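Those letters in the sequence shown? Residues 60 to 230, per our numbering, in order.
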Amino acid sequence: MAEANWYVVHTYSGYENKVKANIEKTIENRHLEEQILEVRVPLQDVVEMKNGVQRTVQKKMFPGYVLLNMVMNDDTWYVVRNTRGVTGFVGPGSKPVPLTDAEMFNLGIQANNITVDFEEGDTVTVIGGVWKDTVGVIQSMNQAKQSVTINVELFGRETPVEISFAEIRKM
């Protein structure tokens with residue numbers, strides 16, 4: 060499998076969240092979870108003064124742009140390029156150029172590869188997040204997303220849940 064890189068997509072201003080939602084829906088519908096790993100609208104905390112009151116709000120770091128962590132191929136390029144609200148990839152001509160590690164570091168996004176000592180079929184305990192203290196058996200592992208899928212009991216039936224490597228511990 061080819062390596063995933065971060066790419067920048069230009070959108071209509073104000074449509075960043077709508078583009079993100081549309082791409083995520085398309086990923087789900089076309090089962091591209093292994094090729095388009097993450098869609099992000101970078102936000103930053105800004106302190107505003109209004110009527111003498113200080114408050115912290117989140118603002119877009121780059122209005123009109125969305126970041127994608129994806130494996131570039133004809134399918135993923137077509138899906139993203141033809142999403143409503145997307146005007147194109149950032150790069151010369153029609154060729155998208157991935158961001159460098161230095162550029163990603165400046166954005167506060169680091170590649171954090173966690174090495175794990177468990178595998179499919181192992182029993183694990185969730186040590187963080189919504190499913191904390193839940194015990195489950197690993198059904199599948201996704202190294203690219205650094206996550207596992209375990210089955211948890213929800214409303215009396217087994218339900219698959221995706222959990223980050225950082226939030227689980229082998230029993």
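C-beta atoms are modelled at their ideal positions from N, C-alpha and C, and glycine is treated no differently.
Just so you know, these numbers come straight off a predicted model, no measurement behind them.
Can you tell me whether residue i is buried or exposed, with buried defined as 16 or more other CB within 10 angstroms of its CB?
i	result
residue 80	exposed
residue 219	exposed
residue 131	buried
residue 63	buried
residue 75	buried
residue 164	exposed
Quick check on DSSP: helix, strand or coil for residue i?
i	result
residue 143	coil
residue 110	coil
residue 78	helix
residue 137	helix
residue 84	helix
residue 226	helix
Could you tell me which of the options sits nearest to residue i, measuring between CA atoms?
i	options	result
residue 208	229, 112 and 223	223
residue 96	176, 144 and 87	87
residue 145	215, 78 and 121	78
residue 153	228, 140, 164 and 161	140
residue 228	157, 104, 149 and 188	188
residue 194	184, 112, 76 and 205	184
residue 204	103, 61 and 221	221
residue 192	162, 103 and 211	211
residue 186	230, 101, 99 and 76	230
residue 121	115, 71, 143 and 178	71
residue 118	83, 109, 82 and 73	73
On the three-pair Cβ rule with 8 Å, is the stretch 86–94 touching the stretch 128–139? Enough Cβ pairs lie closer than 8 Å, so yes.
What alpha helix (DSSP H) runs, 4 residues minimum, are completely inside the stretch 149–202? The DSSP assignment places complete alpha helix (DSSP H) segments of no fewer than 4 residues inside the stretch 149–202 at 160–165, in order along the chain.
Is the stretch 62–69 touching the stretch 118–129, taking contact as three or more C-beta pairs under 8 Å? As far as the Cβ criterion goes, the stretch 62–69 touches the stretch 118–129, which means the pair count is three or higher.
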